[in-house]
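I have placed the structure first, in the form of structure tokens, so that the comments after it can refer back to it.
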Amino acid sequence: MIKVSDIAKKKVVELMKDDGFNPEVDFVRVGVKSGGCSGLSYDLNFDKENQDDDKVFEDNGVKIIVDKKSFLYLVGTTLEYSGGLNGTGFVFNNPNATRTCGCGESFSL
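Add 16 to the 1-based position in the sequence shown for this note's numbering, that's all there is to it.
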């Protein structure tokens, strides 16, 4: 399961509406791909459809889809949003990550 903080939920809903998605029926697609300075990086997009191998969750009113491969890396992760001095954007608090880069966009296990 992936959790969504209250602040992240507000930002997701706002951005989905801005991009023409309906937060009540459409999804936030969260994934992991190779790359970044720590080896793996997070991927976040909006999607209207889920695939056969996707895991589907809902937390805090946000529908989330994750492909099976990425799910193994993301179990227990909380999606948050930061608007602080170190940058604005979504932050993944991943308890599985053993190392993260300074920007927080990549990690390793």
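Using N, Cα and C, we set each Cβ at its ideal position, and we do this for glycine too.
Item                                                                                                                                                 : Value
Using the rule of at least 16 other Cβ atoms within 10 Å of the residue's Cβ for burial, across every protein chain shown, is K79 buried or exposed? : buried
DSSP state of I1, grouped into three classes?                                                                                                        : There is simply no residue 1 to check, as the chain begins at 17 and stops at 125 in what is shown.
If we require 4 or more residues per run, which alpha helix (DSSP H) segments fall completely within the region 62-113?                              : 84-90
Quick one: what does DSSP say V29 is sitting in, helix, strand or coil?                                                                              : helix
Between the C-alpha atoms of N76 and L90, what's the straight-line distance to the nearest angstrom?                                                 : 17 Å
Taking 8 Å as the cut-off, decide whether the C-beta atoms of F73 and M17 are in contact.                                                            : yes
Measuring alpha carbon to alpha carbon, tell me which residue in S98, T104, T93 is nearest P111.                                                     : T93
Below 8 Å on the Cβ atoms is my contact criterion, and I expect L95 with V20 to pass it. Report the Cβ-Cβ distance as a whole number of Å.           : 5 Å
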